[in-house]
Amino acid sequence: MTLSNSVQPNERSRILDILRGIALLGIILANYPVISLWVFQGPQVWETMPTAKIDMPLGFFHFAFLDGKFYTLFSLLFGIGFSIILLRSQQKSTNGLAVFYRRLFILLLIGLFHSFFLWMGDILLLYALIGMLLPFFRNVSDKNLLIISVTLILSPLLVDALRVISDNKINFSAPLEKMTVKMEDRIGITDDNFSTWLIKHKTYGELLKFNSGEFFMRWQMLIASNRPLKVLGIFILGLYVGRKLIYARLEENKVLLKKIRLWGFIIGIPVSLVYSFVEITGERLPDPKALLNTAAYALSVVPLSLAYTSTLSLWYLKNNGSKFLNLFAAPGRMALTNYLLQSVTGICIFYGVGFGLGAKTGLAYVLLIAIAVYMLQIIYSHLWLKYFNYGPCEWIWRMLTYGKFLKIRKVK
Numbered sequence: 203m204t205l206s207n208s209v210q211p212n213e214r215s216r217i218l219d220i221l222r223g224i225a226l227l228g229i230i231l232a233n234y235p236v237i238s239l240w241v242f243q244g245p246q247v248w249e250t251m252p253t254a255k256i257d258m259p260l261g262f263f264h265f266a267f268l269d270g271k272f273y274t275l276f277s278l279l280f281g282i283g284f285s286i287i288l289l290r291s292q293q294k295s296t297n298g299l300a301v302f303y304r305r306l307f308i309l310l311l312i313g314l315f316h317s318f319f320l321w322m323g324d325i326l327l328l329y330a331l332i333g334m335l336l337p338f339f340r341n342v343s344d345k346n347l348l349i350i351s352v353t354l355i356l357s358p359l360l361v362d363a364l365r366v367i368s369d370n371k372i373n374f375s376a377p378l379e380k381m382t383v384k385m386e387d388r389i390g391i392t393d394d395n396f397s398t399w400l401i402k403h404k405t406y407g408e409l410l411k412f413n414s415g416e417f418f419m420r421w422q423m424l425i426a427s428n429r430p431l432k433v434l435g436i437f438i439l440g441l442y443v444g445r446k447l448i449y450a451r452l453e454e455n456k457v458l459l460k461k462i463r464l465w466g467f468i469i470g471i472p473v474s475l476v477y478s479f480v481e482i483t484g485e486r487l488p489d490p491k492a493l494l495n496t497a498a499y500a501l502s503v504v505p506l507s508l509a510y511t512s513t514l515s516l517w518y519l520k521n522n523g524s525k526f527l528n529l530f531a532a533p534g535r536m537a538l539t540n541y542l543l544q545s546v547t548g549i550c551i552f553y554g555v556g557f558g559l560g561a562k563t564g565l566a567y568v569l570l571i572a573i574a575v576y577m578l579q580i581i582y583s584h585l586w587l588k589y590f591n592y593g594p595c596e597w598i599w600r601m602l603t604y605g606k607f608l609k610i611r612k613v614k
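Spelled out as structure tokens, the structure:
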């Protein structure tokens with residue numbers, strides 16, 4: 203693997219910061235309907251909310267164009283970041299793998315902290331665990347990387363088919379489901395009170411109890427939805443993108459980006475509309491027809507996410523100095539800090555330990571709150587980076603990774 207003399211892996215990466223920043227916007231818009239407990243109320247409760255008339259089309263839009271798409275972009279950027287670490291280590295003749303694994307171990311600890319002490323819907327722990335597999339693919343050819351990536355992304359179809367054919371005997375999430383039932387029984391969480399438990403219980407200790415009990419439920423959901431396989435597939439695709447330096451050679455890859463944009467929308471939009479209809483109406487299909495829902499999710503999320511990424515990259519290429527696009531670079535540089543702060547803010551707004559607005563707030567208001575929080579993050583990130591080199595969590599993560607103190611304040 204060789205690099206062009208004109209482009210180095212640490213150059214011209216502002217587009218990556220911008221994409222991270224935009225991914226954070228998509229993530230808060232996707233997460234707040236969950237943190238607010240709106241998604242757990244169901245159609246019957248949704249219809250009684252004051253914003254019901256606008257919530258239904260918004261919910262359809264949410265599932266069609268937001269759900270899963272920006273986590274996919276986040277996963278892609280993670281894979282790109284890994285390839286950058288490897289390329290830099292090759293240039294400096296240092297042990298990049300040692301640095302990479304230390305970095306992932308710290309991320310794993312952060313993910314555990316997030317899961318138990320903040321929000322049980324954490325994704326960082328999964329990223330850290332799956333990311334540890336990436337070095338095994340560093341010497342795989344470009345062609346085989348793409349083949350493996352596509353295979354993993356589509357693998358949920360095979361896994362779910364095996365589950366259906368075996369009459370649920372092949373079910374990798376079953377042990378976690380049993381653990382979830384035991385923990386919920388111990389805490390007193392039932393199907394009837396799950397959607398309001400965090401509103402009625404107002405102490406932080408009870409929030410910790412809920413998070414510890416539902417940790418297994420979170421992982422049961424991740425395994426049942428085949429998320430680890432999909433995330434690894436996207437990580438490997440990001441590894442390919444980073445290896446080919448596509449993010450740094452946008453002009454050279456303009457035709458490719460246009461093709462990805464075209465086919466991503468052609469494939470992703472119609473399939474995503476079908477998926478959204480199933481989700482918003484609550485019409486869960488029985489097996490084996492449920493495989494259609496698995497197929498709809500697999501064939502909508504990744505194509506649409508890649509279409510978004512290509513569209514934004516082409517926009518950046520055309521408007522390099524765009525003030526609007528550059529607004530997203532600062533929150534993107536502080537992605538870890540802002541991701542965690544989104545959870546903290548959501549807990550304070552929606553849970554009983556804070557203002558307790560969850561479970562009774564319509565989707566329209568939830569999304570407005572999410573946008574307002576993100577706008578504050580843009581302002582905060584720009585102000586912070588005016589005086590400091592790193593975001594606070596990025597600073598700690600970096601120091602623990604390299605085992606040395608780093609100056610955080612900018613030298614005047």
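If you're matching positions, the sequence shown starts at 203 in the working numbering and goes up one per residue.
All residues carry an ideal CB built from backbone N, CA and C; glycine is no exception.
These numbers come from a predicted model, not from an experiment.
- DSSP places E386 inside the alpha helix (DSSP H), whose first and last residues are 376–389.
- Within its own chain, the residues whose Cβ lies closer than 6 Å to the Cβ of A532, once the five positions on either side in sequence are excluded, are S583, H584, L587, listed in chain order.
- With fewer than 16 other CB atoms across the displayed protein chains lying within 10 angstroms of its CB, T250 is exposed.
- Nearest in C-alpha terms to K404, of all of A225, V575, R222, G560, is G560.
- For the options S397, D362, G444, F307, the alpha carbon positioned closest to that of R340 is the one of G444.
- In the same chain as F530, and ignoring 5 residues on each side of it, the C-beta atoms closer than 7 Å to its own belong to I220, G223, I224, in chain order.
- Here the region 590–600 makes no contact with the region 242–259; the two share fewer than three CB pairs at distances below 8 Å.
- For T603, the enclosing alpha helix (DSSP H) has its first and last residue at 594–604.
- Three or more beta-carbon pairs separated by less than 8 Å are not found between the region 461–469 and the region 310–329, which leaves the two stretches without contact.
- Non-local C-beta neighbours of Y592 in its own chain, meaning closer than 7 Å and more than five positions away in sequence, comprise R600, I610, ordered along the chain.
- In the structure shown, the three-state DSSP call for R451 is coil.
- Between the alpha carbons of S368 and V361 lies a distance of about 11 Å.
- A Cβ-Cβ separation of about 5 Å places I287 in contact with F302 under the 8 Å criterion.
- Boundaries of the alpha helix (DSSP H) harbouring K432: 429–445, taken from the DSSP string.
- Ranking L542, L289, L602 by CA distance to the CA of F318 puts L542 first.
- CA-to-CA, the gap between V575 and E416 works out to about 26 Å.
- For K402, the enclosing alpha helix (DSSP H) begins and ends at 399–402.
- Distances from the CA of S397 to each of L602, A232, I237 were compared; the closest alpha carbon is that of I237.
- Here E454 is exposed, its C-beta having fewer than 16 other C-beta atoms within 10 Å.
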